[in-house]
Structures are given as C-alpha cells and as structure tokens.
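For the sequence shown, the residue numbers in this note's numbering are 3 to 261.
All remarks here apply to the structure that follows.
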Amino acid sequence: DIRGVLELQSEGRVGIRSLAMSQHTPLMGGDSSRMGTVDDLVARLRSLLADYKTIVIPAACNVSASYNICNVGYAVQLMRLEHPVPRWAAPAFSSSCLFGSIVGQLALGYAGDSIGRRPAMIITLIIIAVGSLGSAVFTSGFGDDIWKRLVFWRFILGIGVGGTYPLGAVYAGEMGDTRGLGRTGRVAYSIALQILGNIMAPLLLLLVVACLGAERVTKEEWFTEIGWRVLLGAGCVPSVLALREFAVGNDASVGFVSA
C-alpha cells in the first residue's frame, strides 16, 4: 500500500544519508588530520633524539676522520711561511695518514672482533686524539726534522682514522634500540656526515686567520705557529666528544659491547 511504500522510501533516504555522512570528511576533520601529521612528526623527532647516540657517536668519528685527512693541506699553507717544504715532504705527510688508515682498518677491525667492539672503538678514539695532539704539539724542529715528525704523527693519526670506518659503521648498525631511522638509516647518516669534516677544515683556517689577523699570521712567527697548530690540534675535538659519550653511555647493544 501507499503508506508502506512511503516508509520504505523514508528508510532508504535515512540509510543513504547515514552512509554519506560516514564517508564525508568535514573541514574540522582536515585540521584533525593535519594535527595527526604534526603529532607523528613530533613523535619521530622525539624518537630520533632518544636515539641520538646512534648517530652522533659514529658521525663524530667520521667527521673527525674526514677533518684529519684534509686539514694538513691547509695547515701546511701556514707552516711553509716559516719552514721550507722539501720535495719529499709533501707526498710523505699527505700519504702517511692514508697509509696509516689502511693499517688501522685491518688492525682495529680485527681488534673489534677479538676484544670487543666497544674496547676497540675506545682505543680508536684515543689514537685519533693522541695523533691530533701529537701533530699539533710535538711537531717541531728545523729543516727536515719538523717534517719527519709531522709524517710520524700523521701515520699514528691515520691508524685511528682507519679504525673509525669499520667500527663506526658497526656501532651505528648494531645498536640495540631500533627506533628512529633504523639500522640502514643510521649507518647512511653517520657516513654522509663525513662531509662536515671537509667543510670544517677551510672554515677553521678562515676563522683562525680572521681572529689572529692576516698580517700577523703571515709575518709574525708566533702567530703563524699558533695558526697551524690550532688547525692540526682541532682534529681531536670530535673524537674526544665521542669518547666521552662512550665513557658515560650504557645504551649499546649486547652484541656491540661483547661481540
């Protein structure tokens, strides 16, 4: 009958309206969605901050390595103002660090498997700090002597630099906390940040010259000495910071500590 048909039509309209309302996203819903995205971003940033050591420590090692490899070229530009560079010295002090890094990769990588990742990493950071400070403090003399000492300390430094490559990547990959970037992301970020070391070397030279004065650095022996020694010694700063985090941190995975 007519009344039954009208009731069915009314029920159909209500059903269609309910379905449409359930699928409709109001304007306030869009704001809620955006707020959800912001909350997700904040949560991700908090997660990254919670995992900062998984990036900061290997990144500091890699920044120190890249800085110490390239800083000698800028330091020598100041050294040659008071010490003539023999023909043999330029290739010697340039390659000694690279040769030492080959030794360091093999020796300290093996040490990481033998005595454990953490002790090997601590030894690596200490070698970098000693090599950097030795280059800055104990490189002295006249004639060939100063360049021979620089070559020696650059070789010691290179051993530590070489050890950072296998051990830093292993540290980033074997951390127990899997939040944030994940294993692959942590390793990739720690390696990618090497470029900071290459940028820091010329910037520090510019800063040293600006602070001491270009005329003083180029004409007064005392200021020239300060300039190139600061450039060489600054390479220990990232490794010392990473070493401090190792000393006070207990968040490494069991595999990293005891492997």
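Note that beta-carbon positions come from the ideal geometry of N, C-alpha and C, so glycine has one too.
None of the values given here were measured: they were computed from a predicted structure.
For G106 and I128, the gap between their C-alpha atoms comes out near 13 Å. Here L207 carries a helix assignment [DSSP, helix/strand/coil]. With a cutoff of 9 Å on beta-carbon distance, S98 and R156 are scored as near each other. Put simply, of V74, A62, A61 and S68 the residue whose alpha carbon is nearest the alpha carbon of R231 is V74.
Around F140, the same chain offers R151 and W155 as residues with beta carbons nearer than 7 Å, after the five sequence neighbours per side are excluded.
Nearest neighbour of L198 by Cα position, chosen from V40, D41 and A61, turns out to be A61. When rounded, the separation of the alpha-carbon atoms in Q196 and P168 is 14 Å. In the same chain as G170, and ignoring 5 residues on each side of it, the C-beta atoms closer than 7 Å to its own belong to P60, C63, N64 and S192, in chain order. G162 is a Cβ neighbour of A131, given a cutoff of 9 Å.
In this structure, A194 lies away from G165, with their beta-carbon atoms at least 9 Å apart. When DSSP states are grouped into helix, strand and coil, R82 belongs to the coil group. S103 has its alpha-carbon roughly 24 Å from the corresponding atom of T186. Here F225 is not near G235, since their CB atoms are 9 Å or more apart. In this structure, V153 lies away from A203, with their beta-carbon atoms at least 9 Å apart. Counting other Cβ atoms within 10 Å of its Cβ, L245 reaches 16 or more and is therefore classed as buried.
Distances from the alpha-carbon of I148 to those of M81, I124 and G133 put M81 closest. Given a length threshold of 3 residues, the region 122-194 has no whole run of the beta strand (DSSP E) inside it.
Assigned with DSSP and collapsed to three states, A109 falls in helix. Assignment of E222 by DSSP, reduced to helix, strand and coil, places it in the coil class. In this structure, the CA atom of V239 is about 19 Å from the CA atom of R120.
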